[in-house]
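**Q** Protein chains in written order, with this note's numbering: chain A, 419 to 534; chain B, -3 to 107. Take a look at this one; I'll ask things after.
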């Protein structure tokens, strides 16, 4: 089956620093990648959708200048949390699809971010 | 706005018995529904789905039922196995564009 990896799997950083999370599709070319955020005991919340070579589409309420998304190739998308604050601590999950359909998306293992 | 709701945060079932996980939605425009299974510190994995034109879809031990008039869907797992212990999310999709997840139900299957 399709495999999606994320790196790092967890990260602890100081408040004010920036953190980059990578999402890679290992055995297929992902035309579309999705970034989700999950708070403890809460639902997965879609943050943004990115198509290779174009700007990401952010969901309402998500600060595009804070959560920078780059989908530079068909196998790699990055999410950079800029000037991270403790409230950004969360579990970030990416998913990838080779079609624009949200039905067929494969999820990465997630990245746990803790901002001190 | 919580358009997809899973009102039971947890469920405990004995091995071999049936597990029934419920999900309610408010937006009648949703036309596709999915169930995902998630282990701790891992991403969700797709389990089973159903189109709004159907009322039942079965795949092995997993069956999803859809009641459009009640805006309710359920996932049945029978027989339940200890390896089924995980958090289950239902998700609803509108026009292949807007996907909403429920908050999840933690299933524990006791041996």
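Think of the CB as a built atom: it goes at the ideal place given N, C-alpha and C, for glycine as much as any other residue. Here the structure is a predicted model, which means the values were calculated and not measured.
1. With 7 Å as the C-beta to C-beta threshold (strictly closer), list the residues of the segment 461 to 476 of chain A near chain B in chain order.
2. Output yes if chain A places a C-beta closer than 8 Å to the C-beta of residue 29 of chain B; else output no.
3. Nearest by alpha-carbon distance to residue 508 of chain A: which of A:516, A:496 and A:529 is it?
4. Along the beta strand (DSSP E) that carries residue 31 of chain B, what are the first and last residues, could you check?
5. Is the shortest distance between the beta-carbon of residue 442 of chain A and the beta-carbons of chain B less than 8 Å?
6. Measuring CA to CA, which of A:457, A:482, A:484 and A:468 is closest to residue 490 of chain A?
7. Helix, strand or coil for residue 483 of chain A, going by three-state DSSP, please let me know.
8. Return helix, strand or coil for residue 51 of chain B, following the three-state DSSP convention.
9. Mind the definition here: the segment 427 to 434 of chain A touches the segment 446 to 454 of chain A only if three or more C-beta pairs lie below 8 Å; say whether that holds.
10. Can you pull the DSSP bridge partners for residue 106 of chain B?
11. Report yes if the CB atom of residue 104 of chain B is closer than 8 Å to the CB atom of residue 2 of chain B, and no otherwise.
12. Hey, does residue 108 of chain B have any beta-carbon neighbour from chain A nearer than 8 Å?
13. Where does residue 470 of chain A fall in DSSP's three states?
14. Answer yes or no: does any C-beta atom of chain B fall closer than 8 Å to that of residue 399 of chain A?
15. Who are the near neighbours of residue 34 of chain B in its chain, counting only those whose CB is closer than 8 Å to its CB and skipping five residues on each side?
16. So, are the CB atoms of residue 47 of chain B and residue 27 of chain B less than 8 Å apart?
17. Looking at the structure shown, is residue 506 of chain A part of a helix, part of a strand, or coil, going by DSSP?
18. Looking only at DSSP bridge pairs, what is residue 20 of chain B linked to?
19. Are any of the Cβ atoms in chain A nearer than 8 Å to that of residue 75 of chain B?
20. Which word fits residue 95 of chain B, buried or exposed, when buried means at least 16 other C-beta atoms lie within 10 angstroms of its C-beta?
21. Tell me the DSSP bridge mates of residue 425 of chain A?
22. Just curious, the beta strand (DSSP E) that residue 58 of chain B is in, first and last residue?
**A** Looking at the coordinates:
1. 461, 462 and 464
2. Residue-level contact check: residue 29 of chain B does not touch chain A, since none of the beta carbons of chain A fall below 8 Å from its beta carbon.
3. A:529
4. 28 to 34
5. no
6. A:468
7. coil
8. For residue 51 of chain B, the secondary structure class from DSSP, reduced to helix, strand or coil, is coil.
9. no
10. According to DSSP, residue pairing for residue 106 of chain B in a beta bridge involves B:10.
11. no
12. Only positions -3 to 107 of chain B appear in this structure, which leaves residue 108 of chain B out of reach.
13. coil
14. Nothing in the structure corresponds to residue 399 of chain A, since chain A is present only between 419 and 534.
15. 40, 41, 82, 83, 84, 85 and 100
16. Yes.
17. DSSP, reduced to helix, strand and coil, places residue 506 of chain A within a helical segment of the structure shown.
18. B:1 and B:68
19. no
20. buried
21. A:440
22. 58 to 63
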